[in-house]
Amino acid sequence: MSNSVQGKLTGTVIGKYKLSTQIGSGSFGTIYLGRNTKTDEEVAIKVESSQIKHPQLFFEAKLYKILSGGDGIPRVRYFERTSEYSYLVMDLLGPSLQDLYMYCSKHFSLKTVLMLAFQMIFRIECIHSRSFLHRDIKPDNFLMGVGRNTYKVYMVDFGLAKKYQCPRTKEHIPYRDGKNLTGTARYASVNTHIGIEQSRRDDLEALGYVLMYFLRGGLPWEGLRANTKRQKYEKIKEKKIATPPDLLCKGFPDEFAVYLNYCQNLGFDETPDYTYLRQLFLNLFAERKFAMDYVYDWSRRTISSF
């Protein structure tokens with residue numbers, strides 16, 4: 001992200017939208033709160049410098065259009081590219097699951113994790129059904145809605161997404177190895193660490209690590225020290241391989257290890273059984289006699305959208 005974008009565009013008008021305060025930053029840009037100058041409706045405006053080496057925002061805007069109409073996918077209102085910046089105007093959403101996890105003292109209850117899991121599997125299935133992989137599944141890239149959608153999980157930040165099949169012929173991309181790690185090492189699948197081309201199984205395995213991160217209050221390969229990023233990735237890979245699902249999920253309901261083992265046993269171009277994975281968690285939810293009331297761990301306190 002270019003530091004030159006941070007904070008200095010307050011007051012800029014793009015189309016019918018006016019930028020106000022900076023509210024965050026994503027993997028490739030700065031995010032501002034904005035307003036529709038005609039209706040006063042609040043929006044989120046993602047800004048990227050035109051000077052960066054590998055611009056992502058135009059690609060991301062196109063991908064949001066491809067995904068439009070999908071449940072839990074934010075709407076794009078407007079896109080504009082100038083000589084200095086690119087602007088992407090979108091629905092304003094609430095806090096990320098990472099923010100909420102920190103807010104809840106780095107732990108979510110089983111009920112909250114299961115209510116999130118059903119929706120997150122749906123979101124991943126949605127992007128896969130449009131022939132794309134996300135490739136950066138992490139708590140920061142899932143946001144809660146606002147207003148009447150405060151219960152709903154949204155998937156965001158498609159800067160690293162990749163087409164895995166031809167939408168027309170359904171021909172799958174070829175198997176490759178020797179790839180560099182794309183995404184976030186903490187949640188990356190074992191195959192991603194090894195250098196194998198990512199496919200649908202890797203998004204789902206990454207989600208399994210996210211769910212265990214929420215339940216456990218962290219993952220065993222966090223906080224490993226190394227001199228270089230490459231050495232750190234190597235240490236994370238070694239620890240991850242040495243911590244198979246049954247060990248990672250020890251002391252937690254069996255369904256989480258079953259989920260991760262299923263993902264790790266999928267073939268490279270195999271279509272995952274998303275319904276089976278959701279049903280695993282739905283059955284556990286029913287077994288524990290939880291109510292599907294969308295009362296999450298953070299619901300009893302007021303959280304401002306950002």
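Heads up: the sequence shown at position 41 corresponds to 41 in the UniProt record's numbering, and the numbers run straight through without jumps.
Backbone N, C-alpha and C fix where the C-beta goes; we use that ideal spot for every residue, glycine too.
Since we're looking at a predicted model, the values are computed, not measured.
Cβ shell of residue i (< 6 Å), same chain only, five flanking positions each side left out
i: R278; result: F118 and I121
i: F132; result: A161 and K163
i: L100; result: W298
i: L33; result: S20, T21 and I23
i: Q51; result: none
Residue i in three-state terms, based on DSSP
i: S305; result: A caution first: S305 carries a pLDDT of 42, below 50, which makes its placement in the model too unreliable to give a value.
i: H172; result: strand
i: M120; result: helix
i: L207; result: helix
i: Y233; result: helix
i: N261; result: helix
i: T243; result: coil
i: E287; result: helix
i: R300; result: coil
i: E270; result: coil
i: L224; result: coil
i: Y213; result: helix
Of the residues the options, the one placed nearest residue i, counting alpha carbons only
i: F158; options: E41, K65 and L9; result: K65
i: K240; options: V43, T169, F214 and N191; result: N191
i: A286; options: A185, L110 and K53; result: L110
i: A206; options: E171, F256, F252 and G251; result: F256
i: I137; options: R200, Y85, D177 and R81; result: R200
i: L160; options: K152, T182 and Y175; result: T182
i: V258; options: E270, L284, K237 and F268; result: L284
i: E197; options: K179, Y209, S25 and R230; result: K179
i: R288; options: L33, S105 and T112; result: T112
i: L282; options: L92, L116 and F108; result: L116
i: Y85; options: L9, E41, R168 and T37; result: L9
i: D203; options: Q51, K152, Q264 and P174; result: Q264
i: E234; options: G195, P245 and N36; result: G195
i: L93; options: F79, D269 and I45; result: I45
i: I31; options: S49, G15, M292 and D40; result: S49
i: residue 351; options: P174, P139 and T12; result: Beyond the ends of the chain as shown, which are 1 and 306, falls residue 351; an answer cannot be given.
Expected contact under 8 Å - CB spacing of residue i and residue j to nearest Å
i: C126; j: L67; result: 7 Å
i: S189; j: F142; result: The pair is not a contact, with the Cβ atoms about 17 Å apart (cut-off 8 Å).
i: I73; j: Y187; result: Rounded, the Cβ-Cβ distance is 20 Å, inconsistent with contact.
i: R77; j: V89; result: 4 Å
i: T243; j: P272; result: Incorrect: roughly 22 Å between the Cβ atoms, too far for contact.
i: G217; j: K106; result: 5 Å
Beta-bridge partners of residue i, as assigned by DSSP
i: D91; result: V43
i: E80; result: Y87
i: V13; result: K18
i: S96; result: L143
i: Q165; result: H172
Spatial neighbours of residue i in its chain, beta-carbon cut-off 8 Å, leaving aside the 5 residues before and after
i: L171; result: Inspection of the sequence shows that residue 171 is occupied by Glu rather than by Leu. Cβ within range, chain order: Q165.
i: P167; result: R130 and S131
Contacting residues, own chain, Cβ-Cβ under 7 Å from residue i (five flanking each side not counted)
i: D297; result: C104, F108, S109 and T112
i: A61; result: V76, F79 and L88
i: E16; result: The residue asked about is misnamed: residue 16 is Lys in this sequence, not Glu. Within the same chain, K16 has close Cβ partners N36, T37 and K38.
i: M1; result: Note that M1 has pLDDT 40, beneath the 50 cutoff, so the model's placement of it is unreliable and no number is given.
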